[in-house]
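Notes follow the structure.
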Amino acid sequence: MRWQTKEKAVERIVSAVGLFSVIVLLLIGFFLFKEAFFIFYKIGVMKVLFGMAWYPTYEPPEFGMFPLIMGTVAVTILTSLLAIPLGIATAVYIAEVAHHRVKEILKPVIEMLASFPSVVLGFFGMVVVAPILSNWLSPILSEHIPELLRSTGIPLLSTTVADFFYDKLFIASGLNISTAALMLTARAIPVISSIAEDALTAVPRTYREASYSLGAGKWDTIWRVVIPSSVSGLSVAVILGIGTIVGETMIVLMVAGGAAVIPYWIFDAARPMPAAIAAEMAEAPFRSLHYHALFGIGAILFLITFGLSLLSDFISKKYRSVRIGEKI
Amino acid sequence: MVAGKNIFELKDFSFYYGDFLAVKSVNLGIEARKITAIIGPSGCGKSTLLRSLNRMNDLILTSRVEGEVLFHGVDIYRKDTDVIELRKRVGMVFQKPNPFPSSVYENVCYGPRIRGIKKKSQLDEIVENALVRADLWKEVKDKLHESGMSLSGGQMQRLCIARSLAQEPEVLLFDEPTSALDPISTANIENLLQELRKTITIVIVTHNMQQAARISDYTAFMYLGELIEFGETDTIFVNPYNKLTEEYITGRFG
Ligand SMILES: Nc1ncnc2c1ncn2[C@@H]1O[C@H](COP(=O)(O)OP(=O)(O)O)[C@@H](O)[C@H]1O
Ligand SMILES: [Mg+2]
């Protein structure tokens, strides 16, 4: 075969494969929405989205997804509070502060953490973190500290604060949204920090040079030049990190506690949306209302993560046009 | 040359990138409130020498220096040198205009702000002064809060000069500041340098020999890391002492 002919053939094969995957993805999406449609049609959109009771196997069943949605929201907020600052700080450390030898070690370690199977993280949360919380941390926070505070006799401290510790920091079960948030943080940090690090490294050297030549120190340069000029890249890192948290299944299935009720406090249990699908799909009879309801959850999840990735795409496009063009 | 008038005094100064000797044992005095040009073919170490004067080369991990660079008689490579203070007094303008991606106003404020100046009226005054001195005020006074990157190339370079001037530097180092600009912008910057010379010491690296001849008081010719010849610009261009200098100036290589 002449090489042009070969080239043509390869091109055809590659585009066929690409087209095939696009078609498969479209079919999956179509299937997801087709199966999800029925539950909204049958029960009503408002009743499904804002219904307070998720009793899919009762007679008559109830399909209020609000507790599940709030489970995901609660876990995502808690995790974000930990993972966003830690992820960004890790990125700043690796990109700007670390000695290049430390960097050479730390970067692959973080990347390895990203490829850690989440079932292992879930398992670790279950057998190590959860018992530590309920057997060790809980007695200290809800018994020893209030006792100590009461014994001081200081107003406020010995009453209100002590009562707060006693009431609120008692951890009935180690499987709750805080444990889930801790394990999800381990999952999200590598995602956030690796994207954030790329964003920081992409800041042109000339900005740093300008800053240093004006007598700025390292931290001034990081705070006032590097971070502000990579803020869109950092936002993308944060958004994709949140996407990871929202979609993560195994960890929340194993350690969030599983209760399909709205969590009101950091040590309450929850059943985030992916956990509900994973836990219940096997028992839901084919084409039953329950089955359609689980597809409904899947569709909502899909819309959330799709929205997040559209947003990050939008931000990074805007960012690129600013960076490349001299004029804004 | 009278030593007392020299603001910088280089003594057997050498600069290494790793094992590579980029500047070889240079002895050079830079007179205050004059323009000193550094010329020479590409890769001969002009930028390296220039960046040694405010220790911008510190950012390169494997670099190493020998000899001394005296600034007001004190070696800036001593351990106890306050590099931040040094760079405030010895500012730098780069080849490619590099304003920050923020407003004209914020660009000029950058140095004063990191030195802790917060009062709006004081910052306003600094910004206006610096822009006036950089001959940019008239053009940008109505768009102080627009992006510095929306200016033309020549204006951006003058913005970078204003940003340095806001620090009230004693010395400004220019690394081929006009090589990315059109002839008119270049002429503007050259006129500006003549004006600034009245108050500031200027060291300029340039690729363009006519530019060196037009604007500088002293010229240093470098070749392969060595300082081949140094003297008054008129002498160097009319009657060079060294054969290499003559060949370079007459354009026989470069
Ligand atoms: N960061 C660096 N690391 C290693 N070598 C460098 C570095 N910067 C410049 N050099 C080398 O040092 C020599 C002088 O460079 P430079 O001072 O930039 O020359 P000029 O400004 O006269 O063109 C060149 O041979 C160049 O390749
Ligand atoms: Mg150069």
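Chains A and B supply the protein sequences, listed in that same order. Here the first sequence stands for residues 3 to 330, where the numbers follow this note's numbering. Here the second sequence stands for residues -13 to 240, where the numbers follow this note's numbering. The beta-carbon is built from N, C-alpha and C at its ideal position, and this holds for glycine as well.
For B:Lys32, the Cβ falls inside the 7 Å cut-off from some heavy atom of ligand 1. Taking C-alpha positions only, B:Ile175 is separated from B:Lys(-3) by approximately 31 Å.
At a threshold of 7 Å, B:Ile190 does not count as near ligand 1, since its beta carbon sits no closer than that to any of the ligand's heavy atoms. The C-beta distance from A:Ser234 to A:Lys170 rounds to 39 Å, too long to fall under 8 Å, and the pair is not in contact. Unbroken beta strand (DSSP E) stretches of 3 residues or longer found wholly inside the region 65 to 105 of chain B: 76 to 79, given in chain order.
The beta carbons of B:Tyr204 and B:Phe216 sit closer together than 8 Å. Straight through space, the alpha carbons of B:Ala120 and B:Tyr227 are spaced by roughly 36 Å. The DSSP assignment places 47 to 52, 68 to 94 and 102 to 116 as complete runs of the alpha helix (DSSP H) inside the region 45 to 121 of chain A, in order along the chain (cut-off: 4 residues).
When only Cα atoms are considered, A:Glu149 and A:Arg207 end up about 57 Å apart. For B:Glu156, the CB stays at least 7 Å from every heavy atom of ligand 2. Using a 10 angstroms sphere on the CB of A:His294, the tally of other CB atoms reaches 16 or more, which defines it as buried. In the structure shown, A:Lys36 falls within a helical segment according to DSSP collapsed to helix, strand and coil.
At least one heavy atom of ligand 1 lies closer than 7 Å to the C-beta of B:Ala8. Counting other Cβ atoms within 10 Å of its Cβ, B:Phe(-1) reaches 16 or more and is therefore classed as buried.
In the DSSP assignment, B:Ser136 is bridged to no other residue. A check of alpha carbon separations from A:Pro192 across A:Ala85, A:Ala11, A:Ser311 and A:Val19 identifies A:Ala85 as the nearest.
Relative to ligand 2, the beta carbon of B:Asp203 is positioned no closer than 7 Å to any heavy atom. Of all residues in the region 224 to 237 of chain A, only Arg226, Val227, Pro230 and Ser231 place a beta-carbon less than 9 Å from a beta-carbon of chain B. The count of Cβ pairs closer than 8 Å, one atom from the region 172 to 184 of chain A and one from the region 254 to 266 of chain A, reaches three, so the stretches are in contact.
For the pair B:Ser171 and B:Gly139, the CB atoms are nearer than the 8 Å cut-off. For A:Phe166, the uninterrupted alpha helix (DSSP H) segment begins and ends at Ala164 to Lys170.
Among the CB atoms of chain A, one or more fall inside 8 Å of the CB of B:Phe86.
Selection B:Met78, B:Val118 and B:Leu72 evaluated against B:Tyr91 yields B:Val118 as nearest (Cα-Cα). Three or more Cβ pairs closer than 8 Å define a contact, and the region 265 to 278 of chain A falls short of that threshold against the region 99 to 119 of chain A. When Cβ-Cβ separations below 8 Å define contact, A:Glu211 makes contact with chain B. Membership of B:Val55 in the beta strand (DSSP E) is indicated by the continuous run Ser49 to Phe57. The distance from the Cβ of A:Glu98 to that of A:Leu236 is about 13 Å, inconsistent with a contact at the 8 Å cut-off.
Apart from sequence neighbours up to five positions away, the residues of its chain that approach B:Leu122 with a beta-carbon distance below 7 Å are Gln141, Arg144, Leu145 and Ala148, ordered along the chain.
B:Phe216 is bridged by DSSP to B:Ala206. Contact annotation, B:Gly59 with B:Ser88: C-beta distance approximately 38 Å; criterion of less than 8 Å not satisfied.
Nearest Cα to A:Phe126 within the set A:Phe308, A:Met252 and A:Ala164: A:Met252. The beta carbon of B:Glu125 is closer than 7 Å to those of Gln141 in its chain, skipping five residues each way along the sequence.
At a beta-carbon threshold of 9 Å, the residues of chain A lying near B:Leu47 are His102, ordered along the chain.
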